Structure formats: C-alpha cells, structure tokens
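Numbering-wise (our numbering), the sequence shown opens with residue 124 and increments by one.
Contents: one structure, followed by commentary.
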Amino acid sequence: MLRREILGVRNRLTTDVVREAADALAEHALELPELAGARTVAAYVSVENEPGTLTLLDALLARGVRVLLPALLPDHDLDWGAYAGEGSLARVRHGGKMALLEPSGERFGPDAVLGADVVLLPGLAVDARGMRLGRGGGSYDRVLARLERVDARPALVVLLYDTEVVERVPAQAHDRPVQAVVTPSGVRRFTSP
124 MLRREILGVR NRLTTDVVRE AADALAEHAL ELPELAGART VAAYVSVENE
174 PGTLTLLDAL LARGVRVLLP ALLPDHDLDW GAYAGEGSLA RVRHGGKMAL
224 LEPSGERFGP DAVLGADVVL LPGLAVDARG MRLGRGGGSY DRVLARLERV
274 DARPALVVLL YDTEVVERVP AQAHDRPVQA VVTPSGVRRF TSP
C-alpha cells in the first residue's frame with residue numbers, strides 16, 4: 124500500500140518539479156564526504172519521475188569518478204557497466220516492465236559492485252532507522268547480500284524526495300539500513316560514516 128501511495132504522488136509531479144529536485148539533490152549529494160573521496164560509485168539512472176540522477180552522474184564523471192551503472196539480468200540480479208555520459212546509455216525494456224536506461228558498453232559482471240566506495244540506491248521511502256523501501260523486485264537486495272557476503276562496506280546512500288522520508292517502512296530480516304538519505308532539501312544521516 125505504501126508503495127502504491129508513493130508512486131501515485133511521484134506520478135503527479137510536474138517536469139519542472141522533477142528537474143529542480145534533481146539539481147538540488149545533486150548539489151547536496153556532491154557535498155557528502157563519502158562521495159568526495161570516492162574513486163568508484165555504483166549508481167543508477169533514474170526513470171520516469173524517480174528523483175533525477177543524471178546531473179549527479181555527470182558531476183561525478185567530471186570529477187574523475189568511475190561510475191558503475193546497473194543492467195538488469197533475466198534473473199533480476201544486476202550486471203554493471205561504466206557510465207561515460209548520457210550518450211553511453213541505451214533504453215532497454217525488460218518484459219512488461221518500464222524501460223530502463225542501462226550502460227551500452229562492456230559489462231563487468233555482478234561482482235563489479237564489490238569495488239564501489241559508495242552505492243547510490245534507488246528507493247521509494249526510508250524510515251528513521253535508515254531502512255529503505257524499494258520497488259519490491261529484489262535486485263538491490265541481491266546487491267546488498269553480495270556486499271555482505273564478502274564483508275564489503277561501501278557507504279549506502281538512498282536518493283529520495285523529501286516526502287519519502289517516513290516514520291516507518293516494513294522491513295524483513297535480510298534488509299540492511301543505509302547510512303544516509305539525500306533529498307532535495309539536504310542530507311540526513313542514520314549512522315556515522
């Protein structure tokens with residue numbers, strides 16, 4: 124029910140609101156110390172009315188950061204490829220789902236995320252504990268489990284709209300908290316970096 128509610132609000136956002144939010148979100152994200160020192164960032168390309176990421180991705184690329192972007196595999200796991208600007212993206216439709224923008228070049232395999240200093244996560248909401256509510260497909264649960272299996276500890280940051288920071292989201296035993304949420308109005312931390 125919470126997912127439907129949030130998606131309903133997102134679907135009513137205007138193009139101008141989405142664009143302004145993306146610029147503000149990028150500005151605040153770029154101030155994160157975790158991103159300032161990052162050599163490799165695993166991120167994603169926003170679609171539809173998700174909080175916009177292209178401005179942030181381009182800024183990271185301009186800083187010389189290696190930006191990895193996901194490509195959805197048939198089993199819903201994620202492969203990774205490098206971002207080299209908006210021209211390096213291809214629109215891919217997976218079955219009846221929404222079209223995703225994925226890297227069009229070489230793929231590095233699902234374990235490429237293990238080398239990331241920061242993982243920027245999509246989501247629909249985050250709560251006061253830092254628990255993230257995703258879309259329910261499980262792709263990022265697999266990413267987080269992969270990181271945990273090898274004790275990799277990149278900073279986990281979710282990008283959301285201000286109204287998507289809520290009191291409580293449903294959580295399961297396998298869910299992991301994020302360290303911070305970036306919204307158009309700023310950064311909120313849940314644990315020390």
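We put the beta carbon where it would ideally sit given N, CA and C, even for glycine.
Every value quoted in this text rests on a predicted model; they were computed, and no experiment measured them.
Query, Result
"Assuming Glu287 and Leu247 make a contact with CB atoms under 8 Å, what is their CB distance in whole Å?", "6 Å"
"With DSSP as the reference, identify every bridge partner of Leu244, one or two as the case may be.", "Val281"
"Which residues in the same chain as Ala161 place their Cβ atom closer than 7 Å to its Cβ, once the five residues preceding and following it in sequence are excluded?", "Val188, Asp240, Val241"
"Would you mind sorting Pro316 into buried or exposed? The rule is 16 or more other CB atoms within 10 Å of its CB.", "Note on Pro316: pLDDT 42, under 50, position unreliable in the model; the coordinate value appears next. The residue in question, Pro316, is exposed, as its Cβ has fewer than 16 Cβ neighbours within 10 Å."
"Determine the burial state of Arg214: buried for a count of at least 16 other Cβ atoms within 10 Å of its Cβ, exposed for fewer.", "exposed"
"Tell me the DSSP secondary structure of Asp264 in three-state form.", "helix"
"Can you say whether Val312 is buried or exposed, counting buried as having 16 or more other CB atoms within 10 angstroms of its CB?", "The displayed chain sequence assigns Arg, not Val, to residue 312. Exposed, since its Cβ has fewer than 16 Cβ neighbours within 10 Å."
"Relative to the C-alpha of Ala149, which candidate in Arg186, Arg126, Ala182 has its C-alpha closest?", "Ala182"
"Please confirm whether Ala144 and Pro193 have their CB atoms less than 8 Å apart.", "no"
"Distance check for Arg272 and Pro197, CA to CA, integer angstroms please.", "22 Å"
"How many angstroms separate the CA atom of Pro156 from the CA atom of Val280?", "12 Å"
"Give me the Cα-Cα distance between Arg299 and Leu267, rounded to the nearest whole angstrom.", "7 Å"
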